[in-house]
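**Q** There's a structure below that I have some questions on.
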Amino acid sequence: MSSQSVTIRTESNTVDKISAIAKAMDRSRNWVIEDALKQY
-4 MSSQSVTIRT
6 ESNTVDKISA
16 IAKAMDRSRN
26 WVIEDALKQY
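According to this note's numbering, numbering within the sequence shown proceeds without interruption in unit steps and concludes at 35.
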């Protein structure tokens, strides 16, 4: 499956939360966001 880049603008505290989740899971922020989108 091919992939494409998508850019979003969000509040810095949202990015901080995503970063914390990624660190706790030993995953990238991209992985966390993609997983959340798949679950949505």
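We put the CB at the ideal spot given by N, CA and C, even for glycine. Since the model is a prediction, treat every value here as computed from it, not as a measurement.
Tell me the DSSP secondary structure of Ser14 in three-state form.
**A** Ser14: helix per DSSP, three-state reduction.
**Q** Would you mind stating whether Ile16 and Val1 have Cβ atoms separated by less than 7 Å?
**A** Cβ distance not < 7 Å, so Ile16 and Val1 don't count as in contact.
**Q** Would you give the residue range spanned by the alpha helix (DSSP H) that Arg22 belongs to?
**A** Looking at the DSSP string, Arg22 is not in any alpha helix (DSSP H), and its letter there is neither H nor E.
**Q** Considering only C-alpha positions, which residue in the set Tyr35, Asn25 and Lys12 is nearest to Ser(-2)?
**A** With distances taken between Cα atoms, Ser(-2) lies closest to Asn25.
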